[in-house]
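Residue numbers (the working numbering): 213 to 700.
This is the structure we're talking about:
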């Protein structure tokens, strides 16, 4: 289960367990986890903060005192909360190291436990703490963080450049958004969930996706199925010089099993596309016929994708407006379609059909007119606000792609690797989303399934391809092997 800061506070409150007892539960679980990975001859240093996370560290120290060589140092002054003060008083005096000797303690430590800041931390590190964290990160010790690496925010993914970098981070009771954004911050090598047995009656807005969940929702074709059973997937885009984009849309739609793909595209690239994908149906158009062809194709579409490779496409704005005003199903907007909404995103609020937008950070920064660096820091917040204000499902692409809905649903993708860092990867994803929306009727579920699958097929592909030579055209073959594994 993934829970944000407010949700975690609610869980703790609803449990009815006193803070001091919660601290004891957490410290006990943490000490047992540490005992499994450290040896008795290692020098252990526990760095604590002044809040309840520091209190967890004090409990750890007390529970390790008889079997391990353990020292503890407050980094941010004396404990401030009542529970943290009580936990600190129970730590034997002999274990408490003087703050003035903290540099020496760090140098001599074989193991460092980071219990400085918890999930309530936000902002940037202050001078003296920054200096200490730099020493920790440059040490040769094995580092273990309690719940959230100190210097990182639990909900947003933002982290100070000198945040603690751990070998293992112990997530307490639930994963936080921070744990799902590992490929963005690289602050821990591994994360381990520790069960505190707290009641979880809260409904989390965070969705999860994996192979098991995917195949619980991916439909099997009945024996009496025909090509129109699941409807038609419409793809519209491309232009001279960018035929590959629309062809990769088709590859993506074929990968997820879209059975009937209709493609409206400029006459200038029709021959190239038709020779590449012989199973798609093509509707080529010129300047004077673009709107009529697109309108006719749209009448049969269960889902549509528009914008990939459409930089110089004839009548592109008219075609996009026509699709958005008349589509009976979800519409995926990618690439050039996104650029056409810069400075006029308010128009999205008047669209009746479900809209899925697929920007990367740079495209999203342009859409909301903010610097990319600012968007990177606040992308969870900005993405959620944009989706709600404009009534769209936003797929914010990145190492950990985020999918947010107008209703507040959030999915942080865990699949994928550096093999996808190539031109055309987003075009394949666009086609996969449109295809999945054709065969899975829950639109948000379909989008999260497509995003996960896009990354997972790349993960499977890395078993036979180097990242540098990974072929996006291999997606259908990799998907076939995955489907056969599951008895399709």
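Think of the CB as a built atom: it goes at the ideal place given N, C-alpha and C, for glycine as much as any other residue.
Practice item. Go ahead and label residue 562 buried or exposed: buried means 16 or more other beta carbons lie within 10 angstroms of its beta carbon, across all protein chains shown. Key: Its Cβ having fewer than 16 others within 10 Å, residue 562 is exposed.
Exercise for review: Name the two residues that bound the continuous beta strand (DSSP E) containing residue 404.
Suggested key: Counting along the chain, the unbroken beta strand (DSSP E) around residue 404 starts and ends at 400 to 406.
Review point. Enumerated in chain order, which unbroken segments of the alpha helix (DSSP H) with a length of 4 residues or greater are wholly contained in the region 654 to 689?
Key: As far as the region 654 to 689 is concerned, its whole alpha helix (DSSP H) runs of at least 4 residues are 655 to 673.
Review point. Taking the DSSP output, what are the residues bridged to residue 554?
Key: Under DSSP, residue 554 takes part in no beta bridge, so it has no partner.
Exercise for review: Entirely within the region 265 to 327 and at least 3 residues each: give me those beta strand (DSSP E) ranges in chain order.
Suggested key: Runs of beta strand (DSSP E) with 3 or more residues, each lying fully within the region 265 to 327, are found at 281 to 286 and 323 to 327, listed in chain order.
Review point. Just checking my contact of residue 627 with residue 668 at CB under 8 Å: how many whole Å lie between their CB atoms?
Key: With a contact defined as Cβ atoms closer than 8 Å, residue 627 and residue 668 qualify at about 4 Å.
Check your understanding: What's the gap between the Cα of residue 229 and the Cα of residue 292?
Key -> Answer to the nearest angstrom: the Cα atoms are 20 Å apart.
**Study point:** Same chain, Cβ closer than 6 Å to residue 328, five either side skipped, listed in chain order
**Key:** 259, 261, 287 and 362.
Practice item. Measure the CB-CB distance between residue 449 and residue 541 and report whether it falls below 9 Å. Key: Result no, Cβ atoms of residue 449 and residue 541 do not sit closer than 9 Å.
Check your understanding: If we call anything under 9 Å between Cβ atoms a contact, is residue 543 one with residue 516?
Key -> Closer than 9 Å, so yes.
Exercise for review: Determine contact between the region 383 to 391 and the region 601 to 612, defined as no fewer than three beta-carbon pairs at a distance below 8 Å.
Suggested key: Taking 8 Å as the limit for Cβ pairs, the verdict is that the region 601 to 612 does not touch the region 383 to 391.
Check your understanding: Between 346, 401 and 395, which lies nearest to residue 374 when the distance is taken from Cα to Cα?
Key -> Nearest neighbour of residue 374 by Cα position, chosen from 346, 401 and 395, turns out to be 346.
Review point. For residue 573, which beta-bridge partners are listed by DSSP?
Key: Looking at the DSSP assignment, residue 573 forms no beta bridge with any residue, so it has no partner.
Check your understanding: From residue 290 to residue 348, what distance separates their C-alpha atoms?
Key -> Residue 290 and residue 348 have their C-alpha atoms some 20 Å from each other.
**Study point:** Completely contained alpha helix (DSSP H) runs for the region 492 to 553, where each covers 4 or more residues
**Key:** Fully contained in the region 492 to 553 are the following alpha helix (DSSP H) runs of length 4 or more, in chain order: 502 to 510, 528 to 538 and 548 to 551.
Point to revise | residue 397 - DSSP class collapsed to helix/strand/coil | key: Note: residue 397 maps to helix in three-state DSSP.
Point to revise | Counted within 10 angstroms of its Cβ, other Cβ atoms place residue 594 as buried (16 or more) or exposed | key: Its Cβ being crowded by 16 or more others within 10 Å, residue 594 is buried.
Point to revise | Enclosing beta strand (DSSP E) for residue 378 [first to last residue] | key: Residues 378 to 384.
Check your understanding: Is it buried or exposed for residue 487, if we count other Cβ within 10 angstroms and need 16 for buried?
Key -> So residue 487 ends up on the exposed side.
Exercise for review: Using the Cα positions of residue 324 and residue 266, report the straight-line distance between them to the nearest angstrom.
Suggested key: When rounded, the distance between both Cα atoms is 14 Å.
Practice item. Below 6 Å CB to CB, which residues in the same chain sit around residue 639 once its five sequence neighbours on both sides are set aside? Key: By the criterion of a C-beta distance shorter than 6 Å, residue 639 is surrounded in its chain by 457, 460, 461 and 520, once the five residues flanking it on both sides are discounted.
Review point. If you pair each beta-carbon of the region 240 to 251 with each one of the region 263 to 280, do three or more pairs fall below 8 Å?
Key: Put simply, the region 240 to 251 touches the region 263 to 280. At least three CB pairs are less than 8 Å apart.
Practice item. Measure the alpha-carbon distance for residue 694 versus residue 676 and round it to whole angstroms. Key: Cα to Cα, residue 694 sits roughly 14 Å from residue 676.
Check your understanding: Among 499, 226, 665 and 624, which has the Cα closest to the Cα of residue 412?
Key -> Measuring from the Cα of residue 412, the nearest candidate turns out to be 226.
Point to revise | Cut-off 7 Å between Cβ atoms - residues of its own chain near residue 308, not counting five sequence neighbours on either side | key: Counting only Cβ-Cβ distances below 7 Å, and skipping sequence neighbours, we find 284.
Practice item. Out of 406, 396 and 579, state which residue places its alpha-carbon closest to the alpha-carbon of residue 371. Key: Per the C-alpha coordinates, the member of 406, 396 and 579 positioned closest to residue 371 is 396.
Review point. Mapping DSSP to helix, strand and coil, what is residue 609?
Key: Strand.
Point to revise | Residue range of the beta strand (DSSP E) that includes residue 471 | key: Segment: none, residue 471 is in no beta strand (DSSP E) and carries neither H nor E.
Review point. Which residues in the same chain have their Cβ closer than 8 Å to the Cβ of residue 583, if we skip the five residues on either side of it in sequence?
Key: Within the same chain, residue 583 has close Cβ partners 577.
Practice item. Quick one: give me the first and last residue of the alpha helix (DSSP H) that residue 356 is part of. Key: From DSSP, residue 356 is part of no alpha helix (DSSP H) but of the beta strand (DSSP E) over 354 to 358.
Point to revise | Cross-strand partners of residue 448 (DSSP beta bridge) | key: Per the DSSP secondary-structure output, residue 448 pairs in a beta bridge with 476 and 518.
Check your understanding: Among all the DSSP beta bridges, which residues are the ones paired with residue 616?
Key -> Secondary-structure assignment with DSSP links residue 616 through a beta bridge to 606 and 622.
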